[in-house]
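Heads up: the sequence lines are chains W, D and B, in that order.
In short: position in the first sequence from 1, add 1, done, that's this note's numbering.
In short: position in the second sequence from 1, add 1, done, that's this note's numbering.
In short: position in the third sequence from 1, add 8, done, that's this note's numbering.
For each residue, glycine too, the CB sits at the ideal point set by N, CA and C.
Everything numeric in this text was worked out from a predicted model, so none of it was measured.
Working notes for the structure below.
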Amino acid sequence: MSTITRGLRRIPALLTIAFLILITAYPLFWMFINSLKSNSDFLNNPSYALPEVWTWENYVTGWETANLSTTIVNSIIVTFPALILLVLFGTAAGYALEVLVFKGRGTILLLFLAGIMIPGQMIVLPLFTASFNIGITGSLLPLILIYTATGLPLTVFMMATYFRAIPREIFEASTIDGASMTRAFFSIGMPMMRNAILTVAIVQFFQIWNDLLFALIFAGQRKLNTIQVGLLNFSGEYGSINYGPLFAAICITVGGILVLYLVLNQQIIKGLAAGAVKG
Amino acid sequence: MKSVLGDRKAIVLLLTPALLVYTLIMLVPVLWSLGLTFFEGSPLGGFEFAGFDNFIRLFSDSAVWEALWFTIRYAILVTLFQVVLGYGLALLYNFVLRKSSVLVRTLVFFPVVLPTVAVSLLYQKIFQSAPTDGLVNELLVNVGLGSVDWLGAGTTAFVVIVIMDVWRSIGFYGILIFSGLLDIPDEIIESSRLDGASGFRLFRHIVLPMSLPIVFASFIFSINGTIKVFDSVFALTGGGPGDSTTPLTLYMYRTAFQYSDYGYGSTIALLLTMICLVVTLFIFRSSRRDITS
Amino acid sequence: MSTATSRRSRKALIGVALVGASALALVGCSGGSGGGSAPSSFEFLKNSENTTTEPVLNVLADGECKAENEKLPLEISSQPQADLDSQVQLLASQGGLPPMFSAGGNPAEGAKLADADVLVDFDKALTDLGVRDKIAPGAVSTIEKLYGGGFDFLPFQYNIEGIWYNTKIFSDNGWEVPTTWDELLDVAAKAKAAGYTPFSASGEQGWPITRLISTYLFRELGPDAMQKIADGDAKLTDPEYVKAAAAIADLGAKGYFGDNVASLDIDGSYNLFLTGKSPMIYMGSWILGNINGADNQVGAENMSFFPFPAVEGGAGSIDQYPANVGLPATFSKAAYSDDVASWLGCIATNYGTEALKQGQITGFVADPSASADLPEISQKVQETIADSTDSVLWFEALFPAKASQISSTSAALLVTGQMSPEEFMSTVQDAIDNP
């Protein structure tokens with residue numbers, strides 16, 4: 002096969018890739034240029050045009066209106082503890098349900114699976130009533146617990162799926178050295194699941210980070226606002242929106258996430274590479 | 002040997018935290034809400050026992066059936082696109098781009114990161130028709146077609162919602178399925194290549210069967226997301242114009258929280274949960290059958 | 009042996025689950041213990057979209073209400089409008105309402121709070137404090153009409169609605185300010201012929217369109233037209249009501265709202281007016297903020313407003329302005345301590361003047377000198393409000409939440425011909441009958 006024909010055969014693939022990059026990179030660009038426009042510029046000119054005047058003040062206004070110095074901290078305080086609990090509990094339960102043997106594990110797995118189907122709207126009222134009476138509505142604790150619980154079904158289900166692929170003998174063998182199944186989980190199960198844990202953690206991260214439903218109810222007080230709630234501050238009472246500063250605030254938060262994601266992505270690639278050499 | 006895997010202490014220790022949190026925060030509130038399906042009223046005015054009234058109302062409420070029809074159309078279309086296009090992406094990453102796919106993967110994944118507010122504003126502007134044409138209408142006008150008021154009518158707004166939600170989630174499904182494809186041992190693919198299998202045959206007989214578990218997992222994940230679609234519709238069209246793009250979740254949300262009729266809202270939520278349950282059990286069963294065969 | 013262990017562990021699990029459930033249930037039953045005690049701060053829960061009340065309160069807290077603020081510091085929290093009513097009802101059901109909060113964006117939901125007796129009766133409270141005369145009578149009458157007859161909300165905003173117009177376009181083309189519906193149609197036809205979008209209206213929001221229906225009804229049938237619907241004495245499907253919807257649908261059919269009105273959002277509609285592409289917009293006086301703002305390319309001096317014209321032979325009068333109090337705020341009865349009461353007194357006394365200094369028109373009585381620096385058009389509105397004796401409401405004002413929602417999301421369908429006037433009115437009436 003000559004290099005030319007090989008090159009030609011790659012053209013459809015290259016075109017697909019170019020198209021993919023175009024439709025996903027464009028919004029980034031769109032958001033950035035619109036974050037620098039005045040409101041009248043945004044409304045009067047096509048939204049894909051460059052700004053008439055580069056209004057960098059939008060970033061200052063955006064930061065203040067979205068109350069980012071508070072909301073970023075709150076989003077972090079909520080997301081990471083929830084994520085850690087979620088991954089730890091979920092992986093442990095996935096291991097218990099798929100590797101260990103006991104009666105009723107199929108039922109419990111199904112019980113967790115059922116949780117994927119529960120609409121969040123259905124549990125809001127009871128949870129609010131309960132946390133109000135316990136007296137924790139003035140803190141971020143309810144949100145951490147709720148995100149942990151609502152993320153569990155998917156995590157348990159996915160972890161169980163991943164553990165299913167690993168021969169049980171590996172865990173049994175470890176107990177010959179006298180280790181308990183609990184120790185086998187921490188010393189063998191968790192490390193083997195590194196890829197899966199990262200994948201699940203990333204999925205859950207964005208679910209939690211972008212959640213609005215629970216955040217609205219439980220983080221409505223200004224000192225508890227998460228980023229998503231803060232972004233609503235750009236709407237006016239009669240439906241108008243302060244576009245430039247809103248896009249600026251989104252650019253700031255998304256930029257931060259992008260950096261985090263790029264760092265994590267390196268980790269994922271490493272993890273995946275490590276997984277690929279498995280024998 | 003079995004007794005080792007039946008380590009009681011390990012089971013309790015590893016399972017209890019998850020089960021406890023899950024039971025307290027999801028199952029109990031669900032049961033609580035289910036109880037409310039037999040009541041009428043709101044937290045403020047108090048609840049009154051209503052027997053099966055809410056269920057009778059559910060079956061005679063045409064808005065529920067319209068919302069259900071929207072939900073079904075949306076869920077089937079979007080789930081199909083998500084999984085099929087996601088699979089296509091994963092194949093592209095794994096077999097065409099191979100090691101150099103990092104940048105493309107990152108970029109295509111990017112829309113997942115964007116907050117719903119941002120995505121919906123973007124799509125409102127791309128499909129805008131008033132006061133000035135957006136990008137799509139501009140293209141249509143340039144090729145000689147008229148401009149369309151995309152979000153001004155139910156049928157065209159539906160198209161925009163589907164495009165938007167497929168666009169924003171496809172990168173995620175690409176990576177999810179890609180991680181499944183990575184688990185297929187290279188030796189198997191190499192050896193079947195040596196046997197003369199290539200292109201579509203390699204895909205049909207080796208790649209597809211071996212990636213079925215992750216495909217099923219994707220289906221379950223996707224369908225449960227799409228049946229529960231809420232924030233993207235809420236932010237893009239608010240369910241309108243009229244109630245032409247109102248899914249069940251939005252109708253439930255409005256009934257419970259804006260019309261403060263929590264009992265009836267819970268009844269709608271119950272219908273929604275039942276649908277999810279049936280669909281998931283169906284996929285779950287067929288996946289179990291396929292894996293064992 | 010393995011069976012025995014697993015059975016035991018399952019029992020343990022079920023036990024845990026049951027304990028958890030009953031703990032939650034117990035907690036749930038002990039509800040209502042949260043309220044009653046005197047608040048430790050003057051918390052104001054507002055809708056996050058409201059950006060006008062907070063700056064005024066902040067000035068007061070540093071100035072006239074400094075003493076009150078030192079005793080009970082002002083603390084502001086916010087909730088998006090869409091979720092505010094449900095959040096407030098949840099808090100009310102738990103006895104956990106903050107001392108002051110916004111509520112009743114949908115008047116029917118606000119009236120529910122008044123019915124549940126969780127709000128302060130301002131008639132009595134303000135009289136006790138000796139500041140009852142600090143609330144403008146017109147605003148009080150609007151509040152009483154909206155919220156089931158009581159004076160349970162405070163008018164932190166007071167808006168009148170009418171048609172804002174571009175005086176320059178009118179005079180350049182020699183159009184007269186219309187005083188009757190037919191004259192309005194005449195001007196609209198001329199505007200359309202001259203290449204303008206005669207009326208700028210947001211179909212995406214819907215309410216800018218339904219308000220035209222209700223104001224037409226008030227002019228044609230008299231100020232009690234919508235009260236009759238609320239009381240069940242008339243139906244929206246009655247021919248005289250459908251006629252109003254048909255009149256507005258006809259504006260759409262003639263293209264007076266421009267192409268693609270259905271998806272035009274509120275900013276787009278303001279922008280058409282503020283850039284001179286549209287000579288008229290029906291809107292409330294909150295639009296003054298935009299008219300006096302930097303994005304007005306026509307100039308505030310070239311803008312004015314006229315009342316919605318009369319319908320010939322109609323029972324209503326042209327000087328009955330549609331009025332509203334925006335999304336008002338109120339006080340919680342349970343949290344109404346002495347310190348909160350002194351805050352209320354201070355707000356009632358000083359809010360109107362400070363707000364007017366910031367260019368906001370409220371239902372609190374203000375020192376007239378505070379408006380001296382305001383643009384002419386704002387002063388005109390302020391005077392009109394002060395002089396008006398009678399007001400009317402708007403289309404959805406007395407509807408239950410569901411009918412209100414359906415009405416505004418269906419309005420775009422009405423003016424684009426996707427829904428006939430009969431269908432529109434019967435859909436809304438149906439939602440009123442089955443809330």
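Nearest candidate by alpha-carbon position, reference residue i, set the options
| i | options | result |
| --- | --- | --- |
| GLU430 (chain B) | B:GLN235, B:ASP180, B:ALA253, B:GLN89 | B:ALA253 |
| PHE96 (chain D) | D:PHE204, D:LEU59, D:THR72 | D:PHE204 |
| SER412 (chain B) | B:ALA116, B:SER101, B:THR59, B:GLN87 | B:ALA116 |
| ALA238 (chain B) | B:SER56, B:LEU68, B:PHE407 | B:PHE407 |
| ILE207 (chain D) | D:ASP134, D:ILE224, D:PHE217, D:GLU188 | D:GLU188 |
| ARG140 (chain B) | B:ASN174, B:ASP160, B:ALA409 | B:ASP160 |
| TRP486 (chain B) | W:LEU263, W:SER241, W:LEU265, W:GLY152 | As shown, chain B starts at 9 and ends at 443. That puts residue 486 (chain B) outside it, with no answer to give. |
| LEU89 (chain W) | W:THR156, W:ASN35, W:ASN40, W:PHE30 | W:THR156 |
| PHE173 (chain D) | D:VAL120, D:VAL84, D:VAL31, D:VAL160 | D:VAL84 |
| GLU78 (chain B) | B:SER48, B:SER386, B:MET234, B:LEU99 | B:SER48 |
| THR157 (chain D) | D:GLU191, D:LEU213, D:PHE128 | D:PHE128 |
| PHE172 (chain W) | W:PHE235, W:GLU99, W:SER36 | W:GLU99 |
| ALA238 (chain D) | B:LEU68, B:ALA233, B:GLN213 | As written in the sequence, residue 238 (chain D) is Thr, which differs from the Ala given in the question. Among B:LEU68, B:ALA233, B:GLN213, the Cα nearest to that of THR238 (chain D) is on B:GLN213. |
| SER110 (chain B) | B:ASP180, B:GLU62, B:GLY138 | B:GLU62 |
| GLN366 (chain B) | B:PRO383, B:PRO106, B:PHE339, B:SER94 | B:PRO383 |
| ILE218 (chain W) | W:ALA83, W:SER132, W:TYR60, W:GLY91 | W:SER132 |
Presumed contact (8 Å Cβ cut-off) between residue i and residue j, rounded CB distance
| i | j | result |
| --- | --- | --- |
| GLY190 (chain W) | THR56 (chain W) | Actually they do not touch by this definition, with Cβ atoms about 53 Å apart. |
| GLY87 (chain D) | SER219 (chain D) | 7 Å |
| ILE143 (chain B) | ALA356 (chain B) | 7 Å |
| PRO107 (chain B) | SER340 (chain B) | 6 Å |
| VAL65 (chain D) | ILE269 (chain D) | 6 Å |
Start-to-end residues for the beta strand (DSSP E) that takes in residue i
| i | result |
| --- | --- |
| MET291 (chain B) | 288-292 |
| GLY42 (chain D) | 40-43 |
| ILE171 (chain B) | 167-174 |
| GLU83 (chain B) | 82-87 |
| MET311 (chain B) | 311-314 |
| GLY47 (chain D) | 47-50 |
| PRO330 (chain B) | 329-332 |
| GLU51 (chain B) | 50-55 |
| SER110 (chain B) | 108-110 |
Residue range of the alpha helix (DSSP H) that includes residue i
| i | result |
| --- | --- |
| ILE73 (chain W) | 69-99 |
| SER377 (chain B) | Where SER377 (chain B) is concerned, there is no enclosing alpha helix (DSSP H), given that its DSSP letter is neither H nor E. |
| ALA197 (chain W) | 195-210 |
| SER434 (chain B) | 429-441 |
| TYR88 (chain D) | 63-92 |
| GLU384 (chain B) | 384-395 |
| ALA343 (chain B) | No alpha helix (DSSP H) contains ALA343 (chain B), which DSSP labels as neither H nor E. |
| LEU141 (chain D) | 136-143 |
| PHE289 (chain W) | Given that chain W is displayed from residue 2 to residue 280, the structure contains no residue 289 (chain W) and the question cannot be resolved. |
| SER149 (chain B) | 145-154 |
| SER41 (chain W) | 40-45 |
Checklist line | the stretch 41-56 of chain W in contact with the stretch 113-127 of chain W per 3-pair CB rule at 8 Å | finding: no
Check: In chain order, which alpha helix (DSSP H) runs of at least 4 residues are fully inside the stretch 191-266 of chain B?
Finding: 215-229, 233-239, 247-261
Notebook entry, point to check: Fully enclosed by the stretch 160-225 of chain D, which beta strand (DSSP E) runs are 3 residues long or longer?
Noted result: none
Next item on the list: State whether the stretch 328-347 of chain B contacts the stretch 160-168 of chain B, with contact taken as three or more CB pairs (one from each stretch) at a distance under 8 Å.
Entry: yes
Next item on the list: Would you check if there are 3 or more beta carbon pairs closer than 8 Å linking the stretch 181-201 of chain W to the stretch 214-227 of chain W?
Entry: no
Check: In chain order, which beta strand (DSSP E) runs of at least 3 residues are fully inside the stretch 212-286 of chain D?
Finding: none
Margin query: For the structure I just gave you, are there three or more beta carbon pairs, one from the stretch 223-243 of chain D and one from the stretch 72-80 of chain D, closer than 8 Å?
Written below: yes
Next item on the list: Assess, as a yes-or-no matter, whether the stretch 174-183 of chain D is touched by the stretch 105-121 of chain D under the definition of 3 or more beta carbon pairs within less than 8 Å.
Entry: yes
Next item on the list: Determine, using beta-carbon pairs with one atom in the stretch 108-124 of chain D and one in the stretch 20-33 of chain W, whether at least three such pairs fall under 8 Å.
Entry: yes
Item checked: the stretch 249-261 of chain W / the stretch 299-308 of chain B touching (three or more Cβ pairs under 8 Å) -> no
Next item on the list: Answer yes if the stretch 163-170 of chain W comes into contact with the stretch 203-223 of chain W, meaning at least three C-beta pairs across the two stretches below 8 Å, and no otherwise.
Entry: no
Check: Do the stretch 317-326 of chain B and the stretch 194-210 of chain B touch if we need at least three Cβ pairs shorter than 8 Å?
Finding: no
Margin query: Measuring CB atoms only, is the stretch 178-197 of chain B touching the stretch 146-158 of chain B, in the sense that at least three cross pairs come out at less than 8 Å?
Written below: no
Notebook entry, point to check: Is the stretch 263-277 of chain B touching the stretch 413-424 of chain B in the sense that three or more CB pairs, one from each, lie closer than 8 Å?
Noted result: yes
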